[in-house]
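Worksheet: the structure to be examined is printed underneath.
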Amino acid sequence: MTNRNDEIVIKRRLAGRELLSAAAVAALCAGAGVAVAATPKNALVMAWNVDAISTFDPAQVGEVVTNEILQNTCDTLADFDPADERKVVPSFASRWDVSPDRKEITFHLQKGAKFPSGNPVTAEDVAWSLHRVVKLNFGNAATLTEFGFTKDNVEQTIVAGPNDTLVFKLDKPYPTTLVLQSIAANRVSMVMDKKTLMANEQGGDLGNKYLATRTACVGPYKLTRWNAGESIVLEANDGYWGKAPALKRVLIRHVAEPGTQRLLLSQGDVDVARDLTPEDLKDLEGSKDVSIVKVLKPQLFFWTFNVADGPFSKEKVRLAMRYLIDYDGLGKTIMTYLGVPRASFAQLGAVGALDAKEGQPFKLDLDKAKQLLTEAGYPTGFEASLIFGTLPHSAPLAQSVQQNAAKIGVKLSLERMANAQLFSKVRGREFQSAMMAWQTGVPDAHGNASRLVYNPDNRAEAKQTQYPSWRASFQDKELNAKVDAALLEGDPIKRDALYAEIQKETMAKGPMAIMFQMNNVAGVRKDLKSWTWNGFRTYYELATK
Amino acid sequence: MSRTAIAASGPSSEPVRILPSWLKISGRILASFTVTLLGLAALTFFIGRLLPLDPVVAVLGDNVTQEAYQAMYKQLGLDQPLYVQFGRYIWGVLHLDFGMALTTGKPVMADIARVFPATIELASVAIVIGTSLGIPLGVLSAMYRGSWLDQIVRVVGLIGYSAPNFWLGLMGLVLFYATLGWVGGPGRIDFTYEFDLEPVTGFLLIDSLLAGNWEMFGNAVSHIILPASILAFSSLAYISRMTRSFMMEQLSQEYVVTARVKGLSWARTVWGHAFRNIAVQVVTVVALSYAFLLEGAVLTETVFAWPGFGRYLTNALLAGDMNAVVGCTLLVGVIFVTLNLLCDLLYRVFDPRTR
């Protein structure tokens, strides 16, 4: 129910709007009321920068905004527990059985489910959905190929079984939890409507172009409208097999400017603002209408070095650079709200990750840095370049490091560029050092160990561009072996110990100085209840008003 | 008998005219139009290819295997020589196919058809406000040169010129939307209405009228009035200063003194005689202002979450989406060429010497 204060505000706004509008359109507008700009009771309204959306194909999507929308419109086999992201809970698979040798997992699927198109969901749909990810071979295919599924074998290794079951046949005894986290709870296992997609296939694209502007899957919500760079509408899927969401609509308006998001949130025109700046967040902290909520996400911000040649090829130089980062100072200033200091590649909250203290042993220490440089053969310092993109915190972090480096004779020249340009340069190994973010999709140390540490082939012509370790020209065969061993280690205690060893070793000589683990932060109106999220998912269906 | 027939019939004292003059003019305009757009397309296309932005990464993200990268590289035709890529592009343009926008997954034409009405609507309201205030203020400033009115207009003009629209937009939102509640917030319309309106023309003011929904129309007006006024402010500053300058020159002419000596009122002298002589220049200034507004006011569109052309073009540029960039650049070219043509036509209306 609207309280009296709200009514007064609403009436004042109505009167004011009419006044100004009437001045412009005089008689045309006379008497026309302008509606109250409060969010509807049965809808979740968000302001968010959704510029990055370019497709809704789970096989292709690689950025967080679309991933979140898909997670709320397309069921996966399993899901992350809202309360503890390390736990995997049933979703479209109601349960699963694992063979004694851990090489076969049988998923028991929900029965009687239907796609919004009316087509029944079959085990064949689920198997086909996984096959198409591998066959289309976009970036997300690596999620499956890493576990031995290839274009040639995927139809024999992921198969629809009898009685609504789906069977994974693995080539190695991978830890089951890791398989569930990496594949079953990942967008690659989103259940797609084969019949609809194949009816709209163009040139053997398995429905990829069709999914550029729409979805074709089963989930608590369905995408009913997307105007690029403008707005997104999700509506509750009436025939959903699971529990119906409390809020019937999710309305997302594209608002790129954080200051504008703040205004909309303060005025109650949106329930949630997703891209507020630290200044806005600080100001809103004391608001009686808005709460600031944050959760650690599996994204790391790091300073990566090209170790092919020059000063950064020396381990001690790379270690020295870590002592130039003012973790504490930056954590309390620029990065308040945005993230927490973290030096280990395994994010806090992941299985096998070092705790907060062990995983961040560094502090700003110019003497130590100077001593390490001297030992490395650079007593008077050196000159190098540092490139970074358009993330708002990149420039102040780079400048902070630059100032500290200058004090020990290291002259860093900074260059800011468009993210697309930054990625191109780093992927092409055309850099000396760079600052950028990296996100894993797995709450397990293996997620980042397999990319930031492991490098299967360091030759330039191997073009292993999906590995940040390759981009940094870093390969350590002993570390590679340890990553392999940790992956298949069955004993959780031994596995944790192996990852602890890899993390400590990598913090000393790895090609990246990890700086911060980032937060998801949002301003949420207090009349929106049960805003639920963890590092891997935001659960629109659990929100209420 | 037609002029062509006369020319063909043999020697004559009349000048030889192979083609009628309107046909020659049209041909000249068409040729100039084609050369301008082709040059613009070539320039944008080749500069785009030289930019260190990777369209493949824009599509697939940076976490992509080299195999997938190469496949997309080929799919986008980037493995072909530049002249082949350009030829294919121009062939598509001739068929009104500007290719697919990498950042939205939709045809560039469809994207432009979606975002451009929002910008036209905003720019049109802005230019109406800017012109209807700017011209009278400029004329009055010239008439009362050095007076308090002239000083106020000068200061207003200075602020309009120098204050960034981005800042003005945010301040305007804080004051008129958040504090006073007089106008609608960011966006073209409240969410409540946005999804109940089926677009017909893409212009919300017109579509809401066509739907007979006055409440929605009022809401759309309340949303457009602030960003349009902010944009109008800078146009107003430009138009009023230029109008003042043109008018001052006219007011120092002898015919003005003569008219006054003969007893004509100030208002009649200025509006009836002097203004007619500056109309051509004022039209040029207004047309230029309108063209700049139609290009899209990126910062204003960003602050007001206005899904317009300027923001679309900027995002495409930053993402290395060259199909969208070239398509938008061609559209900007068309806008300028078309407005130039319109100006030419208006010159003929206002100045008999140019007919």
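For the record, the sequence lines run as chains C and P.
Start counting the first sequence at 60; every next residue gets the next number (this note's numbering).
Start counting the second sequence at 54; every next residue gets the next number (this note's numbering).
Every residue, glycine too, gets a C-beta built ideally from N, C-alpha and C.
- A distance below 8 angstroms between beta-carbons, with the five flanking residues on each side excluded, links residue 310/P to no residue of its chain.
- One finds 196, 197, 198, 200, 201, 204, 522, 523, 524, 525 in chain C with Cβ atoms closer than 9 angstroms to the Cβ of residue 118/P, taken in chain order.
- Any Cβ of chain C closer than 9 angstroms to the Cβ of residue 239/P would place that residue at the interface, and such an atom is present.
- Residue-level contact by beta carbon fails for residue 507/C and chain P, as no gap is shorter than 9 angstroms.
- Of all residues in the stretch 152-177 of chain P, only 153, 154, 155, 156, 157, 158, 159, 164, 167, 168, 171 come within less than 9 angstroms of chain C when Cβ atoms are compared, listed by chain position.
- About 5 angstroms separates the CB atoms of residue 114/C and residue 158/P; that is less than 8 angstroms, so the two are in contact.
- Residues of the same chain with a CB within less than 7 angstroms of the CB of residue 457/C, apart from the 5 flanking positions on each side, are 445, 447, 473, 494 in chain order.
- The stretch 120-134 of chain C makes contact with the stretch 230-250 of chain C: 3 or more CB pairs, one atom from each, lie closer than 8 angstroms.
- In the pairwise beta carbon analysis, the stretch 360-371 of chain C is classified as touching the stretch 561-572 of chain C: at least three pairs are separated by under 8 angstroms.
- In the three-state scheme derived from DSSP, where H, G and I count as helix and E and B as strand, residue 94/P is classed as helix.
- When DSSP reads this structure, residue 588/C sits in a beta bridge with 603/C.
- Taking a beta-carbon distance threshold of 9 angstroms, residue 484/C counts as an interface residue toward chain P.
- The C-beta separation of residue 513/C from residue 532/C comes to about 14 angstroms, leaving the pair out of contact by the 8 angstroms criterion.
- Per DSSP, the continuous beta strand (DSSP E) segment holding residue 497/C begins and ends at 492-498.
- Among the CB atoms of chain P, one or more fall inside 9 angstroms of the CB of residue 112/C.
- Annotation: Cβ neighbours of residue 314/C in chain P (cutoff 7 angstroms, chain order): 239, 358.
- Taking the Cα of residue 217/P as reference, the smallest distance to any Cα among 256/P, 139/P, 287/P is reached at 287/P.
- For residue 287/C, the nearest CB of chain P lies under 9 angstroms from its own CB, placing it at the interface with that chain.
- Beta-carbon to beta-carbon, residue 596/C and residue 330/C are separated by about 18 angstroms, too far to satisfy the 8 angstroms threshold.
- CA-CA distance, residue 211/C to residue 540/C, rounds to 27 angstroms.
- For the C-beta of residue 368/P, the chain C residues within less than 9 angstroms are, from N- to C-terminus, 110, 288, 315.
- Rounded to the nearest whole angstrom, the C-alpha separation of residue 302/P and residue 197/P is 14 angstroms.
- The three-state reading of DSSP puts residue 186/P in helix, counting H, G and I together.
- In the displayed model, residue 471/C falls within a strand according to three-state DSSP.
- Between the alpha carbons of residue 440/C and residue 364/C lies a distance of about 16 angstroms.
- For residue 465/C, the enclosing alpha helix (DSSP H) begins and ends at 453-465.
- Listed along the chain, the chain C residues whose CB falls inside 8 angstroms of the CB of residue 364/P are 288, 315.
- Contacts with chain C at 9 angstroms (Cβ-Cβ) include residue 107/P.
- For residue 89/P, no chain C residue has a Cβ inside 9 angstroms of its Cβ, as the nearest lies near 28 angstroms away.
- Residue 99/P counts as exposed, since fewer than 16 other C-beta atoms from the protein chains shown sit within 10 angstroms of its C-beta.
- For the pair of segments examined, the stretch 205-212 of chain P was found not to touch the stretch 373-390 of chain P: the number of CB pairs separated by less than 8 angstroms stays below three.
- With respect to residue 279/C, residue 302/C sits close: the two C-beta atoms are nearer than 9 angstroms.
- Of the residues 117/C, 261/C, 123/C, the one whose Cα lies closest to the Cα of residue 107/C is 123/C.
- Contacts with chain C (Cβ-Cβ distance below 7 angstroms) from the stretch 93-106 of chain P involve 105, 106, listed in chain order.
- Around the C-beta of residue 141/P, fewer than 16 other C-beta atoms lie within 10 Å, and the residue is accordingly described as exposed.
- Listed in chain order, the non-local C-beta contacts of residue 344/P below 6 angstroms within the same chain comprise 388, 389, 392, local neighbours out to five positions each way being set aside.
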